[in-house]
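A short worksheet on the structure shown next.
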């Protein structure tokens, strides 16, 4: 059985490691580990080793499998960045300079079953993993190396070597589990291709007296994470090839217009273009800008809106939260415009929850949309207010449970997608119209009604005292840039079923997931 190295290349993290993470200090326990590169081999049998057709198909897919492993490894290394660094012998730090991981492809002339079910010599097993002497001769040492071995039968053996000072068996398995999770989702995530990224700054520089935005005590209570939203915009006529072709041609112009209108909107929502220092009380409104990415999606938008897509595909439509969390200070907002083949558009955003909640985000988007429709020719009179920090100053919080790391990967989460068919929507419209108001209820309000009404009906506490005048602006009044308008808006007297139906008319006809 012969192992032939076909190619070797260096895989670097998909996202560069930030400057403040360029040096990883090892621990006292790491020092006790033997400074050697330990090896592991993982065998993957073909689907049906007895079927010649299956073997032929698997051999054809081996190269594609390696390509996918390369891409998913690059993404995984952006989170496990010390593995792409270099370790100085006898030192105490890993230089996380993104020099990368050597990724080799090898061809094995033989059957994988002969190794898995037999008693192979250790010399043969050693040829399935990267050369430890080559790694040890380097100065500084590489931390990780990978070798993918493709058998004639279609099976694959993945050999790795890792510096024992930086990783034991448990940590290696955690890394491989994360890598495998990203690889399984890779074929669907590949549908989303980032075309370009640029930083959009406010069209008007922020005045000196507004360069520091103080957060409020209520802002401090919000989880310090970047939460995401996706807004879908269907093409005018998805069944018409002419309309689809025309819409595709206009996608780039649409993105250009969104860029310009975003720049104008940021001049009013200037804290969104600033940076937030972790654990601090202020946003540095220095006009560093908002990352604006364009992406191409090879698929139909109707398959997502009307289907049941995996959440990992939805996550690919919004900016990467891990990249935002690794920056220091944190960016507040990021935008990703996804253009579908059919002409549809999905706009994904991530915003720091400390600076904005769902209601304030929708207020910002409404202002942005108004400016975009006006073509920058009409001056908007809607101005946001950021005075909550003076009303409820931030304070040093004590005796609070420590928060989990920002944007830390979840262990086990269950996410459900609820779809409303035409019959259900018609029934909801009939129920909402029974009040006799004569108003046209937007679709988003109907869906909110369906979710929140049962919760309100089951509340056992008495309604709060009557308020003579109150504008519904979300949980936190006058915070996170909620527009102050001349129209006082709807008056809410209590939290009854009837009043809750019409508590969010300002959301408009937005469709989001």
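Numbering (the UniProt record's numbering), first residue to last: 1 to 513. Where a beta carbon is used, it is the ideal one built from N, C-alpha and C, also for glycine.
How would you write the range of the alpha helix (DSSP H) that residue i sits in, first residue to last?
i	result
residue 214	Careful: residue 214 lies outside any alpha helix (DSSP H), inside the beta strand (DSSP E) at 212-214.
residue 302	302-305
residue 191	Premise fails: residue 191 is in no alpha helix (DSSP H) and is neither H nor E.
residue 27	Note, residue 27: premise wrong, no alpha helix (DSSP H); not H, not E.
residue 313	311-315
residue 134	132-137
residue 16	Residue 16 -> no alpha helix (DSSP H), and no H or E assigned at all.
residue 126	122-126
residue 114	113-116
Measuring straight from C-alpha to C-alpha, what distance separates residue i and residue j?
i	j	result
residue 20	residue 328	7 Å
residue 281	residue 156	52 Å
residue 137	residue 359	58 Å
residue 377	residue 260	Its pLDDT being 49, under 50, residue 377 is placed unreliably in this model, and the value from its coordinates should be taken loosely. The straight-line gap from Cα to Cα measures roughly 12 Å.
residue 2	residue 160	19 Å
residue 345	residue 310	18 Å
residue 299	residue 343	10 Å
residue 270	residue 348	20 Å
residue 362	residue 67	40 Å
residue 391	residue 197	38 Å
residue 203	residue 322	28 Å
residue 130	residue 205	54 Å
residue 163	residue 320	29 Å
residue 215	residue 283	7 Å
residue 325	residue 313	20 Å
residue 335	residue 279	24 Å
residue 424	residue 222	35 Å
residue 277	residue 330	6 Å
residue 502	residue 429	A caution first: residue 502 carries a pLDDT of 32, below 50, which makes its placement in the model unreliable, though a value can still be read off. When rounded, the distance between both Cα atoms is 13 Å.
residue 125	residue 44	15 Å
residue 286	residue 333	14 Å
residue 34	residue 175	20 Å
residue 37	residue 93	17 Å
residue 90	residue 171	22 Å
Which residues in the same chain have their Cβ closer than 7 Å to the Cβ of residue i, if we skip the five residues on either side of it in sequence?
i	result
residue 70	11 and 103
residue 97	22, 85 and 86
residue 4	106 and 107
residue 192	295, 297, 316, 317 and 338
residue 301	232, 234, 340, 342, 344 and 346
Nearest by alpha-carbon distance to residue i: which of the options is it?
i	options	result
residue 144	99, 121 and 180	99
residue 88	142, 78 and 212	142
residue 373	198, 129, 65 and 257	257
residue 26	172, 76 and 166	166
residue 234	335, 331, 424 and 303	303
residue 82	213, 17 and 315	17
residue 178	80, 210 and 279	80
residue 75	122, 132, 15 and 38	15
residue 232	24, 305, 431 and 73	305
residue 6	133, 62, 387 and 195	62
residue 73	148, 263, 422 and 28	148
residue 133	181, 92, 171 and 39	39
residue 65	180, 228 and 291	180
residue 213	9, 28, 394 and 170	394
residue 217	24, 389, 116 and 227	389
In chain order, what residues of the same chain lie with their CB nearer than 6 Å to the CB of residue i, ignoring the 5 residues before and after it?
i	result
residue 251	339
residue 95	85 and 86
residue 42	158
residue 289	199, 200, 201 and 273
residue 151	108 and 112
residue 127	3
residue 30	165
Excluding sequence positions up to five away, which residues of its chain have a Cβ less than 8 Å from the Cβ of residue i?
i	result
residue 265	364, 367, 368 and 371
Name the DSSP bridge partner or partners of residue i?
i	result
residue 92	In DSSP, residue 92 forms no bridge with anything.
residue 35	Paired residue(s): none; residue 35 is not in a bridge.
residue 150	107 and 156
residue 220	Answer is none; residue 220 lacks a bridge partner.
residue 336	293 and 348
residue 161	39 and 145
residue 102	10 and 145
residue 198	292
residue 230	348
residue 330	276
residue 44	156
residue 86	95 and 142
residue 393	216
For the beta strand (DSSP E) that residue i lies in, which residues bound it at each end?
i	result
residue 6	2-11
residue 282	282-284
Nearer than 6 Å: is that true of the beta carbon of residue i relative to any heavy atom of the ligand FMN?
i	result
residue 130	With respect to small molecules bound, the structure shown includes none, and the ligand FMN cannot be examined in it.
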